[in-house]
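Asker: To start, I am sharing the structure in question, which I have written as structure tokens.
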Amino acid sequence: MNPQKFWIFCTILFIATLGTARAEPTFSKTSTPKARIAIAEHTGATEMFLPKADVVPDLFRNGLLHFTGTKTETDAWRTMVSTNDTIGIKVFSSPGANSGTRPAVVAALIESLLRTGITPDNIIVWDKEYSDLRRAGFTAFEHQYKVRVAASSQFGWDENVFYETSIIGTPVWGDLEFGRKGDQIGRKSYVTKLLTAQITKIISVTPLLNHNLSGVAGHLYSLSLANVDNSVRFDYRRERLETAVPEIVGLPEIFDRLVLNITDALICQYQGEQRTLLHYSTALDQLWFSKDPVALDVLALTELERQRRLAGKFSREFKTELYSNASLLELGVSDMTRITVDSAK
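Laid out in structure tokens, this is it:
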């Protein structure tokens, strides 16, 4: 074959190969995740910084129906839970009934669940310490609604499920490794058996309350350290919280069971942290609903800062690494421009 015919043959073969070759797939750019928050508001839901028991249930119901886009509570809850689930309601009780999660909001939640066929023994209200739950008024629900009220610290820690880090803590009384010896002691934080053996779906209810290290005593903070032991090692340094909090929440036993987050924004306390300081508080008369705990916490940071400025108080803008880290772990959206906020009618 002469050179000219050879090159013609090669050209024809190349064109034929192109025609039969498998086409490369075309990938579209993945859209940036978005989050939605629904806000229910009723002016007069509180009086003298106390929830009004005759208003909060309707406020809760309106917010739930608006958030889920359903017409009945039964349909709303069917989008998140079933009657076979054991539903854990995680509260933040250590600041007490006035500044922590308010019992009136949790009561409205429990009543809503009961109306849809969830049995009382399938509802657990919990936090880390039973003494905090008692002081905040949640233990009264055991008699009032026949639901369970439990403390993760008293229920015990699961030796097979833990969060491990190089930061070494000193286990205290009540921690699984308390009294043990060895080079590896203090590196693990074990998850409560409430989550590994009991609760199948989680509803988080937290107050709109400032926290001096994390910015807000919100859903990420509440869902993390209260559900593991050996947590003191994280709780006094911001840089440790920024890593540990989102990584603990990201555990399958927590995040995979989280179906709803509710921010109790009846009152916004922008200073004081664990102490009840009503002179640093504003009545918003709101409840916030979202599937996204990160988005709710970021919105809470924004509102806390806004209220501080309105009150003429010293601005305390917080670094957002904790919430950025949570987004990197795909726990939610920390960019306010990607968060949609709408109001219930």
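The sequence shown maps to residues 29 to 373 in my numbering. Yeah, the Cβ is synthetic: ideal placement off N, Cα and C, and Gly gets one too. This structure is a prediction, so every number in the text was calculated from the model and none was measured.
Excluding the five sequence neighbours on either side, which residues of its own chain have a C-beta within less than 7 Å of the C-beta of TYR249, listed in chain order?
Answerer: The residue labelled residue 249 in the question sits at position 221 within the sequence shown. Answer for TYR249: HIS239, SER242 and VAL273, listed in chain order.
Asker: Using 10 angstroms around the beta-carbon of TRP105, count the other beta-carbons present and answer buried if the total reaches 16, otherwise exposed.
Answerer: Locating residue 105 in the sequence shown gives position 77, counting from the first residue. Around the Cβ of TRP105, a 10 Å sphere holds 16 or more other Cβ atoms; the residue is buried.
Asker: Compare the Cα-Cα distances from ILE196 to each of ALA135, ASN258 and TYR264 and report the closest residue.
Answerer: Working through the sequence shown from its first residue, we reach residue 196 at position 168. If we check each option's Cα against that of ILE196, ASN258 comes out closest.
Asker: Could you give the DSSP three-state label for LYS33: helix, strand or coil?
Answerer: Mapped onto the sequence shown, residue 33 falls at position 5. Residue confidence for LYS33 is low, a pLDDT of 41 falling below 50, so the modelled location carries little weight; the figure read from the coordinates is stated next. Note: LYS33 maps to helix in three-state DSSP.
Asker: Could you please give the first and the last residue of the uninterrupted alpha helix (DSSP H) stretch that includes PHE283?
Answerer: Residue numbering aside, residue 283 sits at position 255 when the sequence shown is read from its first letter. 280-283 is the span of the alpha helix (DSSP H), which, as asked, contains PHE283.
Asker: Looking at the structure shown, is VAL361 part of a helix, part of a strand, or coil, going by DSSP?
Answerer: The sequence position of residue 361 within the sequence shown is 333, counting from 1. In the structure shown, VAL361 sits in coil (DSSP, three-state: anything other than H, G, I, E or B).
Asker: Helix, strand or coil for GLY91? Go by DSSP, reduced to three states.
Answerer: On the sequence shown, position 63 is the one that residue 91 refers to. Looking at GLY91 - three-state DSSP - the assignment turns out to be helix.
Asker: So, using beta-carbon positions, are THR291 and THR234 closer together than 8 Å?
Answerer: Mapped onto the sequence shown, residue 291 falls at position 263. Mapped onto the sequence shown, residue 234 falls at position 206. Yes; because the gap between Cβ atoms is below 8 Å, this pair is in contact.
Asker: Among ARG334, ASP370, SER318 and ILE230, which has the Cα closest to the Cα of VAL361?
Answerer: Taking the first residue of the sequence shown as position 1, residue 361 is located at position 333. Nearest C-alpha to VAL361: SER318.
Asker: Buried or exposed: which applies to SER252, given that a residue is buried once 16 or more other Cβ atoms fall within 10 Å of its Cβ?
Answerer: Here residue 252 refers to the residue found at position 224 when the sequence shown is read from its first residue. Its Cβ being crowded by 16 or more others within 10 Å, SER252 is buried.
Asker: Pop quiz: ALA125 and GLU157 are said to be a contact at Cβ under 8 Å. What is the actual Cβ separation, rounded to whole angstroms?
Answerer: Taking the first residue of the sequence shown as 1, we reach residue 125 at position 97. Taking the first residue of the sequence shown as 1, we reach residue 157 at position 129. In fact, because the Cβ distance is near 15 Å, the residues do not count as touching under 8 Å.
Asker: Between the C-alpha atoms of ILE227 and THR129, what's the straight-line distance to the nearest angstrom?
Answerer: Reading the sequence shown from its first residue, position 199 is the one you call residue 227. Reading the sequence shown from its first residue, position 101 is the one you call residue 129. In a straight line, the C-alpha of ILE227 is about 20 Å away from that of THR129.
Asker: What residue range does the alpha helix (DSSP H) around THR330 cover?
Answerer: The residue given as residue 330 occupies position 302 in the sequence shown. Segment 321-338, the alpha helix (DSSP H) holding THR330.
Asker: Determine the DSSP secondary structure at ASN150, reduced to helix, strand or coil.
Answerer: Position 122 of the sequence shown, counted from the first residue, corresponds to residue 150. Helix at ASN150.
Asker: Could you name the residues of the same chain whose beta carbon sits closer than 6 Å to that of LEU357, not counting the 5 residues immediately before and after it, in chain order?
Answerer: Working through the sequence shown from its first residue, we reach residue 357 at position 329. Result list for LEU357: PRO274 and GLY278, in chain order.
Asker: Nearest to VAL84 by CA position, among MET76, VAL133 and VAL109, is which residue?
Answerer: Your numbering for residue 84 matches position 56 in the sequence shown. The shortest Cα separation from VAL84 among MET76, VAL133 and VAL109 belongs to VAL133.
Asker: Please name the residue in TRP185, GLY91 and SER127 whose C-alpha comes closest to that of THR304.
Answerer: One-based indexing of the sequence shown puts residue 304 at position 276. Considering only alpha carbons, the answer is SER127.
Asker: Considering only C-alpha positions, which residue in the set THR102, THR107, HIS94 and ARG176 is nearest to PHE162?
Answerer: The residue labelled residue 162 in the question sits at position 134 within the sequence shown. The sequence shown places Arg at residue 162, rather than the Phe named in the question. Among THR102, THR107, HIS94 and ARG176, the Cα nearest to that of ARG162 belongs to ARG176.
Asker: Measure the beta-carbon distance from LEU294 to LEU312 and round it to whole angstroms, keeping in mind my assumption that it falls under 8 Å.
Answerer: Within the sequence shown, residue 294 is the residue found at index 266, counting from 1. Within the sequence shown, residue 312 is the residue found at index 284, counting from 1. The beta-carbon separation of LEU294 and LEU312, rounded to 7 Å, stays under the 8 Å limit for a contact.
Asker: Kindly indicate which residue of ASN112, HIS171 and PHE283 has the alpha-carbon position closest to the one of LEU144.
Answerer: Position 116 of the sequence shown, counted from the first residue, corresponds to residue 144. This sequence places Thr at residue 144; Leu is not what is there. Here the closest residue by C-alpha is ASN112.
Asker: Please tell me whether VAL219 and GLU281 are closer than 8 Å, where the distance is taken between their beta carbons.
Answerer: Walking along the sequence shown from the start, residue 219 turns up at place 191. Walking along the sequence shown from the start, residue 281 turns up at place 253. Yes; because the gap between Cβ atoms is below 8 Å, this pair is in contact.
Asker: Cα-Cα, which of ASP320, LEU236 and VAL256 is closest to PRO123?
Answerer: Along the sequence shown, one-based indexing puts residue 123 at 95. Cα-wise, what sits closest to PRO123 is LEU236.
Asker: Please work out which residues of its chain come closer than 8 Å, Cβ to Cβ, to ARG268, disregarding the five sequence neighbours upstream and downstream, and give them in chain order.
Answerer: Taking the first residue of the sequence shown as position 1, residue 268 is located at position 240. Contacts found: ILE195, ARG261 and PHE262.
Asker: Between which two residues does the beta strand (DSSP E) containing TRP185 stretch?
Answerer: On the sequence shown, position 157 is the one that residue 185 refers to. Per DSSP, TRP185 belongs to the beta strand (DSSP E) from 185-192.
Asker: Closest by CA to ALA68, which one among LEU93, ASP363 and GLY165?
Answerer: Locating residue 68 in the sequence shown gives position 40, where the first residue counts as 1. For the residues LEU93, ASP363 and GLY165, the minimum Cα distance to ALA68 belongs to LEU93.
Asker: Among GLY184, LEU359, THR193 and TYR191, which has the Cα closest to the Cα of ALA225?
Answerer: As a working mapping, residue 225 is identified with position 197 in the sequence shown. The candidate whose alpha carbon is nearest that of ALA225 is GLY184.
Asker: What residue range is occupied by the uninterrupted alpha helix (DSSP H) comprising ARG176?
Answerer: Here residue 176 refers to the residue found at position 148 when the sequence shown is read from its first residue. Element bounds for ARG176: not the alpha helix (DSSP H) but the beta strand (DSSP E), 176-179.
Asker: Cα separation between PHE169 and ALA81?
Answerer: Residue numbering aside, residue 169 sits at position 141 when the sequence shown is read from its first letter. Residue numbering aside, residue 81 sits at position 53 when the sequence shown is read from its first letter. Cα to Cα, PHE169 sits roughly 15 Å from ALA81.
Asker: What whole-angstrom Cβ distance do ILE117 and ILE151 have, given they're in contact under 8 Å?
Answerer: Against the sequence shown, residue 117 aligns to sequence position 89. Against the sequence shown, residue 151 aligns to sequence position 123. Right, the Cβ-Cβ distance comes to about 7 Å (below 8 Å), so this counts as a contact.
Asker: With H, G and I counted as helix, E and B as strand and the rest as coil, what does DSSP make of ASP103?
Answerer: Here residue 103 is taken as the residue at index 75 of the sequence shown, counted from 1. Helix.
Asker: Using only the alpha-carbon positions, how far apart do VAL369 and SER232 sit?
Answerer: Taking the first residue of the sequence shown as 1, we reach residue 369 at position 341. Taking the first residue of the sequence shown as 1, we reach residue 232 at position 204. If you draw a straight line from the Cα of VAL369 to the Cα of SER232, it is about 19 Å long.
Asker: Between which residues of its own chain and PHE190 is the CB-CB distance below 7 Å, once the five residues before and five after are set aside?
Answerer: On the sequence shown, position 162 is the one that residue 190 refers to. Taken in chain order, the residues that qualify are LYS216, SER217, TYR218 and VAL219.
Asker: Can you say whether GLU331 is buried or exposed, counting buried as having 16 or more other CB atoms within 10 angstroms of its CB?
Answerer: As a position in the sequence shown, residue 331 is number 303, starting the count at 1. Buried is the call here.
Asker: Classify ALA49: buried if its beta carbon has 16 or more other beta carbons within 10 angstroms, exposed otherwise.
Answerer: As a working note, residue 49 is residue 21 in the sequence shown. A caution first: ALA49 carries a pLDDT of 35, below 50, which makes its placement in the model unreliable, though a value can still be read off. ALA49 should be labelled exposed.
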